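A.B. asks: Below you will find the structure I want to go over with you.
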Amino acid sequence: MLHLKVGKSNGRDYLSIVTSYWDRDCKQSRTKTVESLGYVDQLRSEYDDPVSHFKGVVASRNKKILEDNSEFNISLDRNASLSEGTGSRKNVGYAALSLIYHELGLHTFFSNRSRNWECEYSINEIMKLLVFSRILAPNSKRGTYFQKDIYFEKMNFSLVDLYRSLGKINTLKDALQVHLHKKIKEQYNRNSELVYYDVTNYYFEIDEQDEMRKKGVSKEHRPDPIIQMGLFVDSDGIPISYSLYPGNTNDCETLIPLVTDLKKKYGIKHTIVVADKGLNTSDNIAINVIAGNGYVFSQSVRGGNKDLKNFVLDESGYKDISDGFKLKSRLIPREIWVTTKDGTKTKTEVDEKQVAVYSAKYAKKARRDREAVITKARDLVSNPSKYKRATSYGAAKYVRNLVYDQKSGEILTTSQKLIFDEKKLLEEEKFDGYYVIVTNEHKKSDSEILSIYKGLWQIEDAFRVSKSDLKARPVFLSREDRIQAHFLTCFIALVLARLLAKRLDNAYSVGKIASSLNAMSYSFVQENIYVGNYSDEITTALKEKLELNLDRKFMTYGQIKNIIAATKKPNPRVF
């Protein structure tokens with residue numbers, strides 16, 4: 002804005018119109034003369050009261066600037082040099098994340114919870130950096146710290162402060178998850194009647210194991226130590242809660258504690274837990290039934306008993322739903338052995354609905370996926386010296402008389418010739434295209450059960466986003482409390498990214514949104530003036546859906562700061 006300056010020149014009052022701006026290099030406010038008006042004593046020949054007159058002129062110009070802020074007067078110095086490390090280009094896309102961050106009250110949560118902590122830095126400032134950067138520009142903690150100047154934010158903390166804060170942040174993980182659940186339920190009408198659960202793992206590029214990072218069954222078939230993560234998401238794919246487990250924990254052992262928490266901490270009275278066949282155990286079924294929950298699990302057909310296999314392969318009862326797709330069901334009592342508190346097993350019975358499904362498309366995929374394994378198995382029979390235990394993985398089950406050296410893993414030459422197991426192959430091919438879904442929600446129709454189960458892709462996609470877009474692994478931390486804090490920031494980032502996608506009507510993937518937000522930036526031109534660098538359809542969507550105007554060619558520093566400030570005082574709306 003413009004100001005009237007009354008200064009002294011040669012002992013006489015001199016009037017000029019000036020503007021103020023922030024000098025980024027010197028980090029202080031400066032003024033620039035826009036127009037020199039003259040000496041007051043000379044101006045009295047034209048105006049009765051020059052000071053009052055030109056105050057009116059300045060006010061009029063400022064009013065016009067506010068009403069029609071369409072022009073900037075820019076004068077460029079061709080000989081000007083870039084200032085070292087001043088961060089001429091700054092991200093503004095994070096404003097969308099800031100809006101949701103503050104709508105969810107995360108700033109208040111962190112400020113209140115850390116109020117009595119003995120630290121001179123702001124936990125909230127550090128969390129914003131870690132969470133926003135995890136979405137926009139994933140990096141190590143050190144790398145994230147040294148890119149903090151790309152934001153229009155005040156971040157007064159050191160790298161040491163950031164590392165020290167991780168241990169403190171870890172203590173908030175349980176309370177934070179409950180806080181987020183309550184806020185999402187209030188503002189987004191979260192439906193908790195249907196939740197999806199799955200387990201994945203994250204690897205660490207280390208040689209030695211510890212209490213948390215242990216070698217286990219890696220989803221990516223890596224030899225590195227891993228940790229396990231169990232995650233619940235709602236039917237919109239928005240995370241509800243998670244927990245970490247040592248890498249050698251079986252998937253099926255992770256569900257029970259989280260199901261208990263759903264009822265105790267989150268106040269979810271009844272829900273239907275949907276999970277894949279790896280979680281389909283007697284204890285997991287029992288805990289859901291005891292908790293008053295429903296369950297929808299997949300069931301292995303090849304690993305099922307004879308009665309289940311006969312039911313699936315019997316063509317009677319199937320109803321054609323569409324071309325190459327059919328299903329049928331039955332209600333049967335299922336006997337399950339449940340582990341009691343003292344470790345003993347007790348038998349109980351559950352009324353269970355089994356929905357058998359056949360998909361011609363699924364059958365073709367199963368055969369196609371098996372082709373490479375079959376080719377490898379036949380080659381193993383012909384050239385056993387090419388393989389060891391590790392390299393014969395997958396193909397070995399189709400080879401008879403296969404014996405390994407216990408130490409080296411090499412295939413031993415025995416008196417019995419290696420034979421490709423045609424019988425094994427034919428037995429497996431019989432079940433191509435078939436799968437079974439089991440549930441205690443037997444009043445729901447077969448189509449409803451199938452539709453519920455198909456929603457399992459939501460959590461699979463959540464894990465994909467976490468690993469690919471948010472780059473949650475590999476993890477470059479060693480202390481358990483810091484590892485826990487890392488995954489907490491990843492969890493918050495996933496929540497924010499998913500909610501933003503929802504606010505944009507799920508028209509764009511998280512990866513596309515993150516890429517666009519990262520590209521939305523403004524570069525310093527001179528004084529208070531910045532020029533925009535990027536705009537796309539997501540910029541337009543943010544303007545329409547979130548009222549964030551990030552597509553202007555030029556903006557002043559004050560205008561940008563006003564946009565960011567507005568995201569910190571949102572009016573939470575129910576969607």
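Reading the sequence shown from the start, the letters are residues 2 to 576 in the working numbering. Every residue, glycine too, gets a C-beta built ideally from N, C-alpha and C. Note that the structure is predicted; figures quoted are calculated from it, not measured.
For the putative contact between residue 460 and residue 234, defined by C-beta atoms under 8 Å, what is the C-beta separation to the nearest angstrom?
C.D. replies: Indexing the sequence shown from 1 puts residue 460 at position 459. Indexing the sequence shown from 1 puts residue 234 at position 233. About 5 Å separates the two Cβ atoms, so the contact holds.
A.B. asks: Between the C-alpha atoms of residue 300 and residue 489, what's the straight-line distance to the nearest angstrom?
C.D. replies: Within the sequence shown, numbered from 1, the residue matching residue 300 stands at position 299. Within the sequence shown, numbered from 1, the residue matching residue 489 stands at position 488. CA-CA distance, residue 300 to residue 489, rounds to 32 Å.
A.B. asks: Which first and last residues belong to the beta strand (DSSP E) in which residue 230 is found?
C.D. replies: In the sequence shown, the residue the question calls residue 230 occupies position 229. That run of the beta strand (DSSP E) goes 227-235.
A.B. asks: CA-CA distance, residue 157 and residue 21?
C.D. replies: Mapped onto the sequence shown, residue 157 falls at position 156. Mapped onto the sequence shown, residue 21 falls at position 20. Each residue's alpha carbon lies about 25 Å from the other.
A.B. asks: Check whether the Cβ atoms of residue 443 and residue 332 lie closer than 8 Å to each other.
C.D. replies: Here residue 443 refers to the residue found at position 442 when the sequence shown is read from its first residue. Here residue 332 refers to the residue found at position 331 when the sequence shown is read from its first residue. The answer is yes: Cβ separation under 8 Å.
A.B. asks: Let me check one thing: in DSSP terms, what residues is residue 14 bridge-paired to?
C.D. replies: The residue labelled residue 14 in the question sits at position 13 within the sequence shown. Answer is 9, bridged to residue 14.
A.B. asks: Across the region 90-97 and the region 167-181, are there enough close Cβ pairs to call them in contact, namely three or more that are closer than 8 Å?
C.D. replies: no
A.B. asks: CB-CB under 8 Å to residue 45, same chain, minus the five flanking residues each way: which ones, in chain order?
C.D. replies: Position 44 of the sequence shown holds residue 45. Counting only residues of its own chain and dropping the five nearest sequence neighbours on each side, residue 45 has a CB closer than 8 Å to the CB of 51.
A.B. asks: How big is the Cα-Cα spacing for residue 219 and residue 173?
C.D. replies: The sequence position of residue 219 within the sequence shown is 218, counting from 1. The sequence position of residue 173 within the sequence shown is 172, counting from 1. For residue 219 and residue 173, the distance between alpha carbons rounds to 28 Å.
A.B. asks: Which ranges does the alpha helix (DSSP H) cover as unbroken runs of at least 4 residues, wholly within the region 439-470, from first to last along the chain?
C.D. replies: For secondary structure counted as the alpha helix (DSSP H) over 4 or more consecutive residues, the region 439-470 holds these complete runs in sequence order: 447-455, 458-465.
A.B. asks: In the DSSP assignment, find the alpha helix (DSSP H) that holds residue 241 and state where it starts and stops.
C.D. replies: Position 240 of the sequence shown, counting from 1, holds the residue named residue 241. Counting along the chain, residue 241 falls outside any alpha helix (DSSP H), though it belongs to the beta strand (DSSP E) covering 240-247.
A.B. asks: When you compare each of 362, 321, 320, 284 to residue 344 by their alpha carbons, which one comes out closest?
C.D. replies: As a working mapping, residue 344 is identified with position 343 in the sequence shown. In terms of CA proximity to residue 344, 284 leads the group 362, 321, 320, 284.
A.B. asks: Please list, in chain order, all residues of the same chain as residue 471 whose beta carbon is under 7 Å from its beta carbon, the five residues on each side excluded.
C.D. replies: On the sequence shown, position 470 is the one that residue 471 refers to. 135, 136, 139, 491, 494, 495.
A.B. asks: Just to confirm the assignment, what range does the alpha helix (DSSP H) spanning residue 499 have?
C.D. replies: By 1-based counting over the sequence shown, the position of residue 499 is 498. 481-504 is the extent of the alpha helix (DSSP H) around residue 499.
A.B. asks: Would you call the region 504-519 and the region 474-481 in contact, with 3 or more CB pairs under 8 Å?
C.D. replies: no
A.B. asks: Which whole-angstrom value is the C-beta distance of residue 426 and residue 399, which I expect to be below 8 Å?
C.D. replies: Here the question's residue 426 lines up with position 425 in the sequence shown. Here the question's residue 399 lines up with position 398 in the sequence shown. Yes, residue 426 and residue 399 are in contact; Cβ-Cβ is about 6 Å, under 8 Å.
A.B. asks: Mark residue 94 as exposed unless 16 or more other C-beta atoms lie within 10 angstroms of its C-beta, in which case mark it buried.
C.D. replies: Residue mapping note: residue 94 aligns to position 93 of the sequence shown, counting from 1. Residue 94 is buried by the Cβ-count criterion.
A.B. asks: Kindly confirm or deny that the region 296-316 and the region 353-360 touch, where touching means at least three C-beta pairs closer than 8 Å.
C.D. replies: yes
A.B. asks: Between which two residues does the alpha helix (DSSP H) harbouring residue 308 extend?
C.D. replies: What you label residue 308 is simply residue 307 of the sequence shown in a count that begins at 1. Its alpha helix (DSSP H) spans residues 307-314.
A.B. asks: Considering only residues of the same chain and omitting the five flanking positions on each side of residue 35, which have a CB-CB separation below 7 Å?
C.D. replies: As a working note, residue 35 is residue 34 in the sequence shown. Within the same chain, residue 35 has close Cβ partners 3, 18, 19, 20.
A.B. asks: Using DSSP with H/G/I as helix, E/B as strand and the rest coil, what is residue 327?
C.D. replies: For this step, residue 327 is matched to residue 326 along the sequence shown. Here residue 327 sits in strand by DSSP.
A.B. asks: For residue 231 versus residue 462, is the C-beta distance shorter than 8 Å?
C.D. replies: In the sequence shown, counting from the first residue as 1, residue 231 sits at position 230. In the sequence shown, counting from the first residue as 1, residue 462 sits at position 461. By the CB criterion at 8 Å, residue 231 and residue 462 fall outside the cutoff.
A.B. asks: Under the three-state reduction of DSSP, which class applies to residue 90: helix, strand or coil?
C.D. replies: In the sequence shown, the residue the question calls residue 90 occupies position 89. In the structure shown, residue 90 sits in a strand (DSSP, three-state: E or B).
A.B. asks: Just checking, does the region 402-415 make contact with the region 270-283 on the three C-beta pairs under 8 Å criterion?
C.D. replies: No contact exists between the region 402-415 and the region 270-283.
A.B. asks: Taking 8 Å as the cut-off, decide whether the C-beta atoms of residue 214 and residue 248 are in contact.
C.D. replies: Numbered from its first residue, the sequence shown carries residue 214 at position 213. Numbered from its first residue, the sequence shown carries residue 248 at position 247. With respect to the 8 Å criterion, residue 214 and residue 248 are classified as neighbours on the basis of their beta carbons.
A.B. asks: What first and last residue would you give for the alpha helix (DSSP H) that runs through residue 146?
C.D. replies: As a working mapping, residue 146 is identified with position 145 in the sequence shown. For residue 146, the enclosing alpha helix (DSSP H) has its first and last residue at 142-146.
A.B. asks: Thinking C-beta only, is residue 298 closer than 8 Å to residue 439?
C.D. replies: Stepping through the sequence shown from its first residue, residue 439 is reached at position 438. Stepping through the sequence shown from its first residue, residue 298 is reached at position 297. In contact: residue 439 and residue 298 (Cβ atoms closer than 8 Å).
A.B. asks: Do the region 287-297 and the region 267-277 make contact, defined as three or more Cβ pairs closer than 8 Å?
C.D. replies: yes
A.B. asks: Am I right that residue 228 and residue 190 are in contact with their C-beta atoms under 8 Å? What's the rounded C-beta distance?
C.D. replies: For the purposes of this step, residue 228 is taken as residue 227 along the sequence shown, with counting starting at 1. For the purposes of this step, residue 190 is taken as residue 189 along the sequence shown, with counting starting at 1. Not quite, the Cβ-Cβ distance comes to about 33 Å (not below 8 Å), so this is no contact.
A.B. asks: Does the distance from the CB of residue 147 to the CB of residue 302 come in under 8 Å?
C.D. replies: In the sequence shown, the residue the question calls residue 147 occupies position 146. In the sequence shown, the residue the question calls residue 302 occupies position 301. Contact flag unset, no.
A.B. asks: In whole angstroms, what separates the C-alpha of residue 509 from that of residue 502?
C.D. replies: Position 508 of the sequence shown, counted from the start, is the residue given in the question as residue 509. Position 501 of the sequence shown, counted from the start, is the residue given in the question as residue 502. Near 7 Å, if we compare the C-alpha coordinates of residue 502 and residue 509.
A.B. asks: Is the CB-CB distance between residue 390 and residue 422 below 8 Å?
C.D. replies: Reading the sequence shown from its first residue, position 389 is the one you call residue 390. Reading the sequence shown from its first residue, position 421 is the one you call residue 422. Cβ distance not < 8 Å, so residue 390 and residue 422 don't count as in contact.
A.B. asks: For a minimum of 4 consecutive residues, which ranges assigned as the alpha helix (DSSP H) are wholly contained in the region 137-182?
C.D. replies: 142-146, 160-171
A.B. asks: In the DSSP assignment, find the unbroken beta strand (DSSP E) run with residue 546 in it and report its ends.
C.D. replies: The count along the sequence shown starts at 1 and reaches residue 546 at position 545. Counting along the chain, residue 546 falls outside any beta strand (DSSP E), though it belongs to the alpha helix (DSSP H) covering 538-546.
A.B. asks: To the nearest whole angstrom, what separates the beta carbons of residue 110 and residue 177, a pair I think is in contact under 8 Å?
C.D. replies: To locate residue 110, count along the sequence shown from 1; it is residue 109. To locate residue 177, count along the sequence shown from 1; it is residue 176. With 8 Å as the limit, residue 110 and residue 177 qualify as a contact, their Cβ atoms being about 7 Å apart.
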